[in-house]
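Just below is one structure, and these are the notes that go with it.
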Ligand code: B16
Ligand code: MG
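In this note's numbering, the protein residues as written are 310 to 527.
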């Protein structure tokens, strides 16, 4: 398979901000008196802020009006920003920066496909903004992963057919989104948690582009 582009998820693929999301949701959950565990956080990986809040409210059996929900999302994001504002270039996950540079040097286009509305700020702090040809994030989409909208928008912006764009994702919801859009996908993490991805690698440490292609051909 010849790939003309790659689409990268952000949280869990380029940088590990899941821990910040966990703390931020935990704080909000505590304020609301709703129990919130690591297992709950796993369910929210790749899921938009609004859908994550609905999950939390549903868990606590809480029915709130739209204005209150907006306030709660603002509060969760304030907690998140407090933790994420110290993100720095060294926080890019091992190997991802060199892979992004290698893709560019080989003429392969690179897009971001993230559910996060904070993606540009995080990429700026990582000093990776320039590594991307186009960014699609939570500010552009109306449908959360597992809907394929975020990846379809990325492929469209690059002018490349989904079958020729390889998606890198750490969340099952994101893998389902890629598959629903007709994208080949590589899971980042554990095979046991990403069962619907044909290929799963633990991360980009020790993975050059040729190594990724070899995994896909195996
Ligand atoms: P924000 P990704 C997702 O990013 C996170 O995995 C998910 O936990 C978070 O709720 C979502 O972004 C929205 O983030 O509150 O910053 O807009 O994995 O799609 O890059
Ligand atoms: Mg992710």
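Here a beta-carbon is modelled for each residue, glycine too, at the ideal position from N, C-alpha and C.
Is residue i near the ligand MG, in the sense that its beta carbon is under 8 angstroms from a heavy atom of that ligand?
{"i": "residue 405", "result": "no"}
{"i": "residue 521", "result": "no"}
What number of angstroms, rounded off, separates the C-alpha of residue i from the C-alpha of residue j?
{"i": "residue 378", "j": "residue 310", "result": "45 angstroms"}
{"i": "residue 343", "j": "residue 473", "result": "43 angstroms"}
{"i": "residue 350", "j": "residue 359", "result": "14 angstroms"}
{"i": "residue 500", "j": "residue 322", "result": "15 angstroms"}
{"i": "residue 345", "j": "residue 470", "result": "40 angstroms"}
{"i": "residue 526", "j": "residue 519", "result": "11 angstroms"}
{"i": "residue 480", "j": "residue 355", "result": "6 angstroms"}
{"i": "residue 353", "j": "residue 365", "result": "10 angstroms"}
Could you tell me which residues DSSP puts in a beta bridge with residue i?
{"i": "residue 320", "result": "324"}
{"i": "residue 445", "result": "422"}
{"i": "residue 475", "result": "315"}
Return yes when the Cβ of residue j is within less than 9 angstroms of the Cβ of residue i, no when it is not.
{"i": "residue 515", "j": "residue 404", "result": "yes"}
{"i": "residue 513", "j": "residue 408", "result": "yes"}
{"i": "residue 385", "j": "residue 334", "result": "yes"}
{"i": "residue 496", "j": "residue 478", "result": "yes"}
{"i": "residue 457", "j": "residue 489", "result": "yes"}
{"i": "residue 462", "j": "residue 476", "result": "no"}
{"i": "residue 486", "j": "residue 493", "result": "no"}
{"i": "residue 396", "j": "residue 324", "result": "yes"}
{"i": "residue 313", "j": "residue 465", "result": "no"}
Using a Cβ-based criterion (distance less than 8 angstroms to any ligand heavy atom), does residue i qualify as near the ligand B16?
{"i": "residue 356", "result": "yes"}
{"i": "residue 480", "result": "yes"}
{"i": "residue 503", "result": "no"}
{"i": "residue 332", "result": "no"}
{"i": "residue 427", "result": "yes"}
9 angstroms is my cut-off, CB to CB: does residue i come that close to chain C?
{"i": "residue 331", "result": "Of the protein chains in the structure, only one exists, and it is not chain C."}
*asked:* Does the structure place the segment 410 to 426 close enough to the segment 450 to 460 that three or more beta carbon pairs sit under 8 angstroms?
replied: yes
_Does the contact criterion of 3 or more C-beta pairs under 8 angstroms hold for the segment 405 to 417 versus the segment 437 to 447?_
yes
*asked:* Does the segment 320 to 334 come into contact with the segment 426 to 435, if we say contact requires no fewer than three beta-carbon pairs (one atom in each stretch) closer than 8 angstroms?
replied: yes
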